[in-house]
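For the protein sequence lines, the chains are A and B, in the order given.
Just add 251 to wherever you are in the first sequence, counting from 1, and you've got the working numbering.
Just add 251 to wherever you are in the second sequence, counting from 1, and you've got the working numbering.
Remarks on the structure that follows.
2 protein chains.
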Amino acid sequence: MVADISPAQVRAAIQQYLLDALPKPEAATRLELAQFARMLRDYPERGGKMLRGTLLVYTGLAYGASLEGVLPVAAALELFQNWALIHDDIEDASDERRGKPALHKLYGVPLALNAGDALHARQWALLVEAGASRAVLLEFVRMVEQTAQGQHLEMSWMEGQRFDLGEPDYLEMVGQKAAYYTAVAPLRLGALAAGAEPPAIFSEAGLKLGIGFQIVDDVLNLMGDPAKYGKEIAGDLWEGKRTLILLRFLQQASPEERRRAEALLRIPREQKPAPEVQWLHQRLLQSGAVAQAQQVAERLLAEGLEALEPVLRGAPRGAYGALVLEILQSLVRREA
Amino acid sequence: MVADISPAQVRAAIQQYLLDALPKPEAATRLELAQFARMLRDYPERGGKMLRGTLLVYTGLAYGASLEGVLPVAAALELFQNWALIHDDIEDASDERRGKPALHKLYGVPLALNAGDALHARQWALLVEAGASRAVLLEFVRMVEQTAQGQHLEMSWMEGQRFDLGEPDYLEMVGQKAAYYTAVAPLRLGALAAGAEPPAIFSEAGLKLGIGFQIVDDVLNLMGDPAKYGKEIAGDLWEGKRTLILLRFLQQASPEERRRAEALLRIPREQKPAPEVQWLHQRLLQSGAVAQAQQVAERLLAEGLEALEPVLRGAPRGAYGALVLEILQSLVRREA
Chain A
252 MVADISPAQV
262 RAAIQQYLLD
272 ALPKPEAATR
282 LELAQFARML
292 RDYPERGGKM
302 LRGTLLVYTG
312 LAYGASLEGV
322 LPVAAALELF
332 QNWALIHDDI
342 EDASDERRGK
352 PALHKLYGVP
362 LALNAGDALH
372 ARQWALLVEA
382 GASRAVLLEF
392 VRMVEQTAQG
402 QHLEMSWMEG
412 QRFDLGEPDY
422 LEMVGQKAAY
432 YTAVAPLRLG
442 ALAAGAEPPA
452 IFSEAGLKLG
462 IGFQIVDDVL
472 NLMGDPAKYG
482 KEIAGDLWEG
492 KRTLILLRFL
502 QQASPEERRR
512 AEALLRIPRE
522 QKPAPEVQWL
532 HQRLLQSGAV
542 AQAQQVAERL
552 LAEGLEALEP
562 VLRGAPRGAY
572 GALVLEILQS
582 LVRREA
Chain B
252 MVADISPAQV
262 RAAIQQYLLD
272 ALPKPEAATR
282 LELAQFARML
292 RDYPERGGKM
302 LRGTLLVYTG
312 LAYGASLEGV
322 LPVAAALELF
332 QNWALIHDDI
342 EDASDERRGK
352 PALHKLYGVP
362 LALNAGDALH
372 ARQWALLVEA
382 GASRAVLLEF
392 VRMVEQTAQG
402 QHLEMSWMEG
412 QRFDLGEPDY
422 LEMVGQKAAY
432 YTAVAPLRLG
442 ALAAGAEPPA
452 IFSEAGLKLG
462 IGFQIVDDVL
472 NLMGDPAKYG
482 KEIAGDLWEG
492 KRTLILLRFL
502 QQASPEERRR
512 AEALLRIPRE
522 QKPAPEVQWL
532 HQRLLQSGAV
542 AQAQQVAERL
552 LAEGLEALEP
562 VLRGAPRGAY
572 GALVLEILQS
582 LVRREA
């Protein structure tokens, strides 16, 4: 059997489904509600890679679902990411998203926060309206709760000026905050949308892939191509994020450098001196911490892929399973 | 037939169900997650009147549901209010909620916003885990979306310094922002949880009751007993809310007073001069605008009750329907 729908076609189909499920400015009964509709459509219309939705679709097809059956679930997953990003950008005081100003920079925090809530409701609406199964709904519950819990961990470390953190702390946080919704949930939801019980390896391997993916993201944040990355380069340093790169650097730094870096990270974003941020940025690159994190990411991605390969190739429609693997492979060497 | 469960018992049962469904600090695997659990439980543990949940339970019982069958739906409704209040308090920069500091005043905006998202997910979790019907889930979608849309209207008026608003604008906004989830949804969800089709009058009369309820709330905000009200007295003036009271006052004020009031309302909360807020507060009370709004509220509440009475008394288990009416009556003369 040949996989008969390309990733570009899948992406376009998800995007179409998603935008069709959002309110249209031209149908609004008042100017204010036209604005509301534009806000809900803003992040989704900026595009994005639709990586998670595409993974979900091919996994679903591999397990026997129809494209029609998986599209609403994939669109809901993408919607999840969109509302979570709106709220994340507020929480992290981020300036940019997908190469444009963050939503709260355009409309202020109150309206953007509320638009995120409305999109959150739309996520559930898509699922319920399409008659998603209880298993799919429960997986969404788990995904949102895992993500929020990981987000709490990360933010409470920044809020509490915590630096007493090791690699296990980082892995636990990022496993919840990012890996679950990036890889575990798309794989599991694909199978569940097809009415299949997700293989246990989806959770274990998905966690490795998702963590690897996030570490690559942290690396790109420091050394990505600004034209492709879509977010502010070194934004994580301005925001004081506890990344694996930073934790490795702090572990290996001299007491003097450690003090200097921690002092900088304690300062609120707006008051951070730019030359100090540049110093830390350079030190992370020079010290080998970035290269080490990159190695960790590559190992995790390789292990995750190896574990998934036989399962996905052995799925009822293995040609789609092979496409899942191809997409996952592209995670290792990406630029955005 | 005698209604065999008192409102106090219903409240206690909802509260118990709700708290049992939230994570427990003592079960957390890390200190940060114990804090996360405390944050999720904070607003729910402050109590509140559980008015909406109680309305839902008695409506459900009136239409033949078991207490066991309606409790999860009522608890989810109360959870909705809790997360919406956490986000509202951030959006409105409110200081207090139920007599204590607002959640973001205790933990900062990022953590509080995220806790609200986690509670939002818990709302759906309660419903899905209890096996709520598609009709119940769709009604929740509608309720959250109506509320967010109304919230957008109100906030965009404040953000846009809009004063060109009349009574129809206010009624449209408050119908969506508050009346739907306060009265329409509890009545409809009660019937839906019992597997019954909600009578059309629930929407029409519920809207009147909910709007009346919100106007009473706006009145209490200006002249409530601080010990009972639980929020800051005159908080709406500090926040610049467009209430019916304010719109009536502006309509009837001299050009001089109108200019003075609008100038005050344009100033951000932190920069508002207290003596000017006191002046406007006094003028609203003296001018008759408060008394007029109170009359509008009483008319709406009376009309809503009258329309509902025969339907609720005629419900399959009319004794419970009578209790719904009793609770709705208490809305007219309340102090908190």
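Glycine included, C-beta positions come from ideal geometry on N, C-alpha and C.
Since the structure is predicted, the reported quantities are computational estimates derived from the model, not experimental observations.
Residue i, DSSP secondary structure in three states
i: B/L563; result: helix
i: B/R413; result: coil
i: B/E418; result: helix
i: A/D476; result: coil
i: A/K428; result: helix
i: A/T273; result: What sits at residue 273 of chain A in the sequence shown is Leu, not Thr. If DSSP states are grouped into helix, strand and coil, A/L273 belongs with coil.
i: A/I518; result: coil
i: A/I462; result: helix
i: A/T280; result: coil
i: A/S257; result: coil
i: B/S581; result: helix
i: A/R568; result: coil
i: A/A544; result: helix
i: A/E448; result: coil
i: B/A383; result: coil
i: A/S407; result: helix
C-beta atoms of residue i and residue j nearer than 8 Å
i: A/A286; j: A/W334; result: The amino acid occupying residue 286 of chain A in the given sequence is Gln; Ala does not appear at that position. Cβ distance not < 8 Å, so A/Q286 and A/W334 don't count as in contact.
i: B/L364; j: A/E423; result: no
i: A/L498; j: A/V541; result: no
i: A/V467; j: A/F453; result: no
i: A/F331; j: A/Y421; result: no
i: B/G311; j: B/L328; result: no
i: A/V379; j: B/A376; result: no
i: B/E405; j: B/K428; result: yes
i: A/M409; j: A/G491; result: yes
i: A/L501; j: A/R509; result: yes
i: B/I578; j: B/L307; result: no
i: A/I496; j: A/L535; result: yes
i: B/L354; j: B/M290; result: yes
i: B/P450; j: B/V321; result: no
i: A/L416; j: A/R493; result: yes
i: A/P235; j: A/A279; result: In this structure chain A extends from 252 to 587, so residue 235 of chain A is not present and cannot be described.
Proximity test, Cβ basis, 8 Å: residue i and chain B
i: A/E396; result: yes
i: A/E342; result: yes
i: A/M252; result: Confidence in A/M252 is poor, its pLDDT being 49 and thus under 50, which makes the residue's placement unreliable; the coordinate value appears in the next sentence. By this cut-off, A/M252 is not an interface position.
i: A/H338; result: yes
i: A/W489; result: no
i: A/M406; result: yes
i: A/N333; result: no
i: A/D293; result: no
i: A/L389; result: yes
i: A/L284; result: yes
i: A/G359; result: yes
i: A/E410; result: yes
i: A/A278; result: no
Closer than 8 Å to chain A by CB, residue i
i: B/R385; result: yes
i: B/A436; result: no
i: B/D618; result: The structure shown does not extend to residue 618 of chain B, since chain B spans only 252 to 587, so no value can be given for it.
i: B/P352; result: no
i: B/G446; result: no
i: B/L362; result: yes
i: B/D368; result: yes
i: B/Q465; result: no
i: B/F414; result: no
i: B/W530; result: no
i: B/V425; result: no
i: B/Q402; result: yes
Any non-hydrogen atom of the ligand ZN closer than 7 Å to residue i Cβ
i: B/N472; result: Inclusion of the ligand ZN in the displayed structure is not the case, the ligand content being empty and no account of it being possible.
Meets three-Cβ-pair contact criterion under 8 Å: the stretch 449-466 of chain B and the stretch 398-405 of chain B: no
Segments assigned alpha helix (DSSP H), at least 4 residues, entirely inside the stretch 282-357 of chain A: 282-296, 302-313 and 318-342
Segment contact flag, the stretch 435-451 of chain B with the stretch 311-323 of chain B, C-beta cutoff 8 Å, min 3 pairs: With a cut-off of 8 Å, the stretch 311-323 of chain B and the stretch 435-451 of chain B count as touching, because enough Cβ pairs lie within range.
At least 3 beta-carbon pairs within less than 8 Å: the stretch 521-530 of chain A vs the stretch 264-283 of chain A: Here the stretch 521-530 of chain A does not lie against the stretch 264-283 of chain A, with fewer than 3 beta-carbon pairs under 8 Å apart.
contact_flag[the stretch 567-577 of chain B, the stretch 474-488 of chain B] where n(CB pairs < 8 Å) is 3 or more: In short, these stretches do not touch, since the Cβ pair count stays below three.
Every unbroken alpha helix (DSSP H) within the stretch 476-500 of chain A, with a cutoff of 4 residues, ordered by chain: Qualifying alpha helix (DSSP H) stretches, in chain order: 477-480 and 486-490.
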